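Working notes, structure below.
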Ligand SMILES: *[C@@H]1O[C@H](CO)[C@@H](O)[C@H](O)[C@H]1NC(C)=O
Ligand SMILES: *[C@@H]1O[C@H](CO)[C@@H](O)[C@H](O)[C@H]1NC(C)=O
Ligand SMILES: *[C@@H]1O[C@H](CO)[C@@H](O)[C@H](O)[C@H]1NC(C)=O
Ligand SMILES: *[C@@H]1O[C@H](CO)[C@@H](O)[C@H](O)[C@H]1NC(C)=O
Ligand SMILES: *[C@@H]1O[C@H](CO)[C@@H](O)[C@H](O)[C@H]1NC(C)=O
């Protein structure tokens, strides 16, 4: 079997921004996004500091309002037609962010460390429309997992104000590696299946604690110093950026900062199963078990969906067939069955990843671990040359997960209109073929 060389990139230090090419059906995609930087001192604004209660943060942000992991974001309501943001010096200079008004299409811009960017003005599409949804909401998401932004201040027009908008009462957490982080999809985190799943369900808050190359097992995998069985309990990811900003003093994630997730989707093990990382089956299963017990400890009512692993495809004769992961396929299924056994449910175990302690709860519980079989969802051309789902592959995984969640938990689809995935409008406008 070919090695998953793409995963090597994962977690390796990316010191300076590289110029890369994004292909859409073999054509180079333009990435010259509008320059939104302005001179702050030349404007008169109402300014709100990063800790203002009107600003709602999604995903993981640290005590200095620096973002981590995949597709973290902010959201707030505002009056007027002006929104500008000052990004702190701890921002990855030039990082691409997506932002939008209400449910309109995402817009993109590269933001600068220490710079102020004017993101909404009277000429921004949608700015002058009447609002069926009041107030106007503004949302921003970081597209890349390895980079982040630091929020220093949010500005609106003189005499205007920020408004706190209520958070949605449904919450999804996705725990994973590059596959969930959106590596090699066109807008990375914003094209990932993890984002497509949660944003596509609509009216759902989401947090994607996924990082390329990371294992479940707590060991170095492709340059990520720790595995998810450790890192998920911490605010920052395993990036080089985190080693610089959090290396000395890692911040533990304060789970009380946000309401508990209702559904936790876990897709981890692709890096563990790679012989390069030498993770044994017992260590992998122990780590995945502890991640689930960690989730259950933090959020006792969360439902956990464990996904089966997939790799790419190979051609044999006149068709294509899936490469089987080097192990773990049956072990993950058996682990899920163990969680659903009477003996486990009558006395479940929880785990604290910071204290590294495991204990019995003595609390009888209902089954909360669900197995999601990915086999057959993607076909050979849904995995790109870099061994990750294409945009279409990601959409398939997201769509099937949404339907699974609807059928298993009775969640309805509440997006029904707003843009979820950007730049996916491929179609045929030729009626006369
Ligand atoms: C920003 O605006 C102030 C006030 O108009 C001006 O003094 C300063 O030179 C400007 N800075 C830049 C970098 O344009
Ligand atoms: C903006 O971000 C995109 C995606 O990372 C990148 O391809 C592009 O080079 C960046 N542009 C600038 C001016 O930094
Ligand atoms: C960035 O750092 C410079 C120099 O330390 C400081 O003057 C400036 O206020 C900082 N800007 C922000 C937005 O934090
Ligand atoms: C892989 O793990 C086995 C068992 O833990 C150990 O004996 C072996 O030395 C390891 N190999 C590498 C290359 O680390
Ligand atoms: C997953 O689905 C495939 C294809 O339908 C099937 O062959 C396999 O047995 C399933 N695995 C489990 C554990 O149900």
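Residue numbers (mature numbering (1 follows the signal peptide of the UniProt record, and there is no 0)): -20 to -1, 1 to 413.
Don't be surprised by glycine CBs; every beta carbon is placed ideally from N, CA and C.
Note that the coordinates shown come from a computational prediction; the quantities given were computed from them, not determined experimentally.
According to DSSP, residues forming a beta bridge with residue i
i           : result
residue 137 : 25
residue 287 : 352
residue 152 : 186, 243
residue 90  : 76
residue 41  : 47
residue 293 : 302
residue 204 : 201
residue 276 : None, per the DSSP bridge assignment.
residue 36  : 55
residue 214 : 232
residue 100 : 63
residue 17  : 97
residue 194 : In DSSP, residue 194 forms no bridge with anything.
residue 363 : 369
Three-state secondary structure assigned by DSSP to residue i
i           : result
residue 312 : helix
residue 66  : strand
residue 386 : helix
residue 168 : helix
residue 84  : coil
residue 299 : strand
residue 404 : coil
residue 340 : strand
residue 394 : coil
residue 331 : strand
residue 261 : helix
residue 143 : strand
residue 121 : strand
residue 414 : Outside the displayed span of the chain (-20 to 413) sits residue 414, for which this structure offers no information.
residue 221 : helix
residue 372 : helix
residue 109 : coil
residue 116 : strand
residue 377 : helix
residue 7   : strand
residue 317 : helix
residue 129 : coil
residue 326 : coil
residue 237 : helix
residue 162 : coil
residue 175 : helix
Distance between beta carbons of residue j and residue i, contact taken as under 8 Å
i           : j           : result
residue 308 : residue 249 : 5 Å
residue 252 : residue 197 : 5 Å
residue 184 : residue 152 : 6 Å
residue 75  : residue 129 : 6 Å
residue 192 : residue 233 : With 8 Å as the limit, residue 192 and residue 233 do not qualify as a contact, their Cβ atoms being about 19 Å apart.
residue 57  : residue 117 : 5 Å
residue 286 : residue 312 : 6 Å
residue 199 : residue 259 : 7 Å
residue 190 : residue 42  : 17 Å between Cβ atoms; not a contact.
residue 139 : residue 61  : Their Cβ separation, rounded to whole angstroms, is 12 Å, which puts residue 139 and residue 61 out of contact at 8 Å.
residue 120 : residue 39  : Residue 120 to residue 39, Cβ: 11 Å. No contact.
residue 327 : residue 340 : 5 Å
### Task
Determine, using beta-carbon pairs with one atom in the segment 154 to 167 and one in the segment 129 to 145, whether at least three such pairs fall under 8 Å.
no
### Task
Pair every Cβ in the segment 208 to 227 with every Cβ in the segment 256 to 271, then say whether three or more of these pairs are closer than 8 Å.
yes
### Message
Taking contact to mean 3 or more Cβ pairs, one atom from each stretch, closer than 8 Å, check whether the segment 376 to 388 and the segment 64 to 72 are in contact.
### Response
no
### Task
Please determine if the segment 280 to 294 and the segment 354 to 373 are in contact, where contact requires at least 3 C-beta pairs separated by less than 8 Å.
yes
### Task
Kindly confirm or deny that the segment 220 to 229 and the segment 75 to 87 touch, where touching means at least three C-beta pairs closer than 8 Å.
no
### Query
Closer than 6 Å from C-beta to any heavy atom of ligand 6: which residues, in chain order?
As for ligand 6, it is missing from this structure, which binds only ligand 1, ligand 2, ligand 3, ligand 4 and ligand 5.
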